[in-house]
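Novice: Mapped onto the numbering used here, the consecutive letters of the sequence shown carry residue numbers 11 to 76.
Supplied in structure tokens, the structure appears directly below.
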Amino acid sequence: MTQPDAYSVYLTAATVEHPIGYVIDRVLWDGTADWLPPTGTAIVADPNGAYPIGSSYTAPSSSTAG
């Protein structure tokens with residue numbers, strides 16, 4: 011059985027309430043099923059919980075966006 015990896019989901023476009031990079035969710039994903047982050051968001055691998063919900067993430071120039 012594949013162990014799931016932890017990811018933080020962050021905004022790639024600002025909203026009225028939150029800036030770009032605001033972390034809105036955390037996801038455990040084992041990669042066995044297709045999954046894409048919602049439109050207007052991207053993910054970052056976060057096995058140590060460095061980006062909890064409500065924190066801010068600054069993405070490098072390339073990312074996985076939905």
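Quick reminder that beta carbons are idealized off the backbone N, C-alpha and C, glycines included.
1. Have a look at residue 19 and residue 71 and give me their C-alpha separation to the nearest angstrom.
2. Secondary structure at residue 21, three-state DSSP: helix, strand or coil?
3. Do residue 16 and residue 56 have their beta-carbon atoms positioned less than 7 Å apart in this structure?
4. Quick one, are the C-beta atoms of residue 41 and residue 67 less than 7 Å apart?
Specialist: Straight from the coordinates:
1. Each residue's Cα considered, the two are about 16 Å apart.
2. strand
3. yes
4. no
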